[in-house]
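A.B. asks: Remember, the numbering used here sits 44 above the position in the sequence shown when you count from 1.
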Amino acid sequence: MKKSIILYGHDEANVTIRDILDSSAIKLTSAEKKAVRTLLSNYPSAGLGTVAGFASRAGVSVPTILRLVTKLGYAGYTAFQKDLIEEVSEQLNSPLSMLDTRRATAGTENTYVGIMHNLADALNQTAAAHRQQEFDAILDLLADERSNIYCLGGRFSAVLALRLWMHLSQLRPGVAVIENLSSRLFDRVADFNSQTTLVVFDYRRYQNDVIEFARLAHEARARIILFTDRWMSPISNFADQVLVSPIETLSPYDSKVVAFAQCEAIIASLVKRSPDKIRERLATIEALRQKGESQAYQTENRHDDKT
Numbered sequence: 045m046k047k048s049i050i051l052y053g054h055d056e057a058n059v060t061i062r063d064i065l066d067s068s069a070i071k072l073t074s075a076e077k078k079a080v081r082t083l084l085s086n087y088p089s090a091g092l093g094t095v096a097g098f099a100s101r102a103g104v105s106v107p108t109i110l111r112l113v114t115k116l117g118y119a120g121y122t123a124f125q126k127d128l129i130e131e132v133s134e135q136l137n138s139p140l141s142m143l144d145t146r147r148a149t150a151g152t153e154n155t156y157v158g159i160m161h162n163l164a165d166a167l168n169q170t171a172a173a174h175r176q177q178e179f180d181a182i183l184d185l186l187a188d189e190r191s192n193i194y195c196l197g198g199r200f201s202a203v204l205a206l207r208l209w210m211h212l213s214q215l216r217p218g219v220a221v222i223e224n225l226s227s228r229l230f231d232r233v234a235d236f237n238s239q240t241t242l243v244v245f246d247y248r249r250y251q252n253d254v255i256e257f258a259r260l261a262h263e264a265r266a267r268i269i270l271f272t273d274r275w276m277s278p279i280s281n282f283a284d285q286v287l288v289s290p291i292e293t294l295s296p297y298d299s300k301v302v303a304f305a306q307c308e309a310i311i312a313s314l315v316k317r318s319p320d321k322i323r324e325r326l327a328t329i330e331a332l333r334q335k336g337e338s339q340a341y342q343t344e345n346r347h348d349d350k351t
């Protein structure tokens, strides 16, 4: 069912139930807000059972749940649940399952041009949905040099974590990347505290070990910055800040172009905040590199002379 509520900065066809629940587009009673909190903290499972089960779990009446789904733009609970199930199905899509669907929607447009237009639209959508106050809160966490920052990604998003780490480590001290997550790397959480910030990338077909690492970090009082898609990683239930990006393209593989752009925007914004301080740090790094390369070259030449 097409939802009747329009959210600024969202393509109407792509608005999820969670988008509406997270917005201020609807006015709710205290009981309805209680139901929303239950659904968001157990999303989407709380809404996949019976209406009576949802009401019992939330500690509200069945009529409260029915009024809530009406305010969300649905004719009844069945229609609401149908969309919720479709969202779950979309979350679980694999490249194989998306191949035929996206081939059918690609049309006859030149693939190269179509992809470029598709990505440009995604970037424009994200820019339109930008909320500066939330973005500034992310910058505040990343600029705080009293904290240690760890970057973590999944199988396909690890490259994002690596790229962000490479840039952040040039701008400030105390930045690390967590690669090839294994049981041994969970030991790192022993050092986490309220002065730790975990930047985590988690997109659909969400990765259980990444989710559990983030959960343990949260329990250790670390601040969590999450990059995810519109279906929302489970990490969003306890993350301090969340950056959402569209990932759908004409390709069977989800795109991370917008997520890369978000990282670029973060780096550029941090540089703009403290240009002189960062310029000094970059000059120090460059001098160290030149000195290290020069000494390595001299050592190599001495070794060659002896042989």
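By construction, the Cβ of each residue, glycine as well, lies at the ideal position given by its N, Cα and C atoms.
Small disclaimer: the values here were computed from a predicted structure and weren't measured.
Within the chosen definition, does the stretch 202-211 reach the stretch 259-269 through at least 3 CB pairs nearer than 8 angstroms?
C.D. replies: no
A.B. asks: Hey, how far is the Cα of E223 from the Cα of D253?
C.D. replies: Taking the sequence shown and counting its residues from 1, one reaches residue 223 at position 179. Taking the sequence shown and counting its residues from 1, one reaches residue 253 at position 209. Spanning the two alpha carbons is a distance of roughly 12 angstroms.
A.B. asks: DSSP three-state label for I255, please.
C.D. replies: Locating residue 255 in the sequence shown gives position 211, counting from the first residue. Correct three-state label for I255: helix.
A.B. asks: Among residues of its own chain, excluding the 5 on either side of N237, which ones have a beta-carbon nearer than 8 angstroms to its beta-carbon?
C.D. replies: Locating residue 237 in the sequence shown gives position 193, counting from the first residue. A264, R265, A266.
A.B. asks: Going along the chain, which residues of its own chain have a beta-carbon closer than 6 angstroms to the beta-carbon of Q177, five neighbours each way excluded?
C.D. replies: Position 133 of the sequence shown, counted from the start, is the residue given in the question as residue 177. Cβ within range, chain order: n/a, list empty.
A.B. asks: DSSP three-state call for R62: helix, strand or coil?
C.D. replies: One-based indexing of the sequence shown puts residue 62 at position 18. Three-state result, R62: helix.
A.B. asks: Please state if the CB of L84 and the CB of L72 are separated by a distance shorter than 7 angstroms.
C.D. replies: As a working mapping, residue 72 is identified with position 28 in the sequence shown. As a working mapping, residue 84 is identified with position 40 in the sequence shown. Going by C-beta atoms, L72 is not nearer than 7 angstroms to L84.
A.B. asks: How would you write the range of the alpha helix (DSSP H) that Q169 sits in, first residue to last?
C.D. replies: Position 125 of the sequence shown, counted from the start, is the residue given in the question as residue 169. That run of the alpha helix (DSSP H) goes 155-172.
A.B. asks: Could you give the distance in angstroms between the alpha-carbon of R101 and the alpha-carbon of F304?
C.D. replies: Against the sequence shown, residue 101 aligns to sequence position 57. Against the sequence shown, residue 304 aligns to sequence position 260. If I take the Cα positions, the gap works out to 39 angstroms.
A.B. asks: For my contact list, L112 and V95 are in at a C-beta cut-off of 8 angstroms; report their separation, rounded to the angstrom.
C.D. replies: Against the sequence shown, residue 112 aligns to sequence position 68. Against the sequence shown, residue 95 aligns to sequence position 51. Going by Cβ atoms, the distance from L112 to V95 rounds to 10 angstroms, so no, they are not a contact pair.
A.B. asks: Give me the DSSP bridge partner(s) of T241.
C.D. replies: Position 197 of the sequence shown, counted from the start, is the residue given in the question as residue 241. Bridge partners of T241: I193, R267.
A.B. asks: Can you say whether Y194 is buried or exposed, counting buried as having 16 or more other CB atoms within 10 angstroms of its CB?
C.D. replies: Along the sequence shown, one-based indexing puts residue 194 at 150. The residue in question, Y194, is buried, as its Cβ has 16 or more Cβ neighbours within 10 Å.
A.B. asks: Would you check if the distance between the CB atom of I255 and the CB atom of P290 is smaller than 7 angstroms?
C.D. replies: Indexing the sequence shown from 1 puts residue 255 at position 211. Indexing the sequence shown from 1 puts residue 290 at position 246. The Cβ atoms of I255 and P290 lie no closer than 7 angstroms to each other.
A.B. asks: Taking the continuous beta strand (DSSP E) assigned at V233, which residues delimit it?
C.D. replies: Taking the sequence shown and counting its residues from 1, one reaches residue 233 at position 189. Per DSSP, V233 lies in no beta strand (DSSP E) and is assigned neither H nor E.
A.B. asks: Going along the chain, which residues of its own chain have a beta-carbon closer than 6 angstroms to the beta-carbon of Q334, five neighbours each way excluded?
C.D. replies: Residue 334 sits at position 290 when you count from the first residue of the sequence shown. Cβ within range, chain order: n/a, list empty.
A.B. asks: Give the list of continuous beta strand (DSSP E) stretches no shorter than 3 residues that lie fully inside the stretch 70-148.
C.D. replies: none
A.B. asks: Have a look at A234 and L128 and give me their C-alpha separation to the nearest angstrom.
C.D. replies: Taking the first residue of the sequence shown as position 1, residue 234 is located at position 190. Taking the first residue of the sequence shown as position 1, residue 128 is located at position 84. Rounded to whole angstroms, A234 and L128 show a C-alpha spacing of 37 angstroms.
A.B. asks: Could you work out which residue in L270, S313, T122 is closest to V288 when comparing CA atoms only?
C.D. replies: Counting from 1 along the sequence shown, the entry for residue 288 is found at position 244. It is L270.
A.B. asks: Output the residue ranges of the beta strand (DSSP E) runs that lie fully inside the stretch 260-327 and measure 3 residues or longer, sorted by chain position.
C.D. replies: 267-272, 285-288
A.B. asks: In this structure, what does DSSP give as the bridge partners for A220?
C.D. replies: Counted from its first residue, the sequence shown places residue 220 at position 176. Paired residues: Y194.
A.B. asks: Quick one: Cα of G103 to Cα of K78, how far?
C.D. replies: By one-based count along the sequence shown, residue 103 stands at place 59. By one-based count along the sequence shown, residue 78 stands at place 34. Between G103 and K78, the C-alpha separation is close to 8 angstroms.
A.B. asks: Reducing DSSP to helix, strand and coil, say where D180 ends up.
C.D. replies: Counted from its first residue, the sequence shown places residue 180 at position 136. It is helical.
A.B. asks: Are there 16 or more other CB atoms within 10 angstroms of the CB of A352, so buried, or fewer, so exposed?
C.D. replies: No answer is possible for residue 352: it lies beyond the span of the chain, which begins at 45 and ends at 351.
A.B. asks: Taking the alpha-carbon positions, what's the Q125 to S133 distance?
C.D. replies: Here the question's residue 125 lines up with position 81 in the sequence shown. Here the question's residue 133 lines up with position 89 in the sequence shown. Spanning the two alpha carbons is a distance of roughly 12 angstroms.
A.B. asks: Sort E130, S74, A258, Q285 by Cα distance to F230 and report the nearest one.
C.D. replies: The residue you call residue 230 lines up with position 186 of the sequence shown. Per the Cα distances, A258.
A.B. asks: Where does the unbroken alpha helix (DSSP H) through S213 begin, and where does it stop?
C.D. replies: As a working note, residue 213 is residue 169 in the sequence shown. First-last of the alpha helix (DSSP H) with S213: 202-215.
A.B. asks: Below 7 angstroms between beta carbons: does that hold for R190 and Q239?
C.D. replies: Residue 190 sits at position 146 when you count from the first residue of the sequence shown. Residue 239 sits at position 195 when you count from the first residue of the sequence shown. Yes, Cβ-Cβ distance for R190 and Q239 is below 7 angstroms.
A.B. asks: Helix, strand or coil: how does DSSP classify L185 here?
C.D. replies: The residue given as residue 185 occupies position 141 in the sequence shown. Helix, per DSSP.
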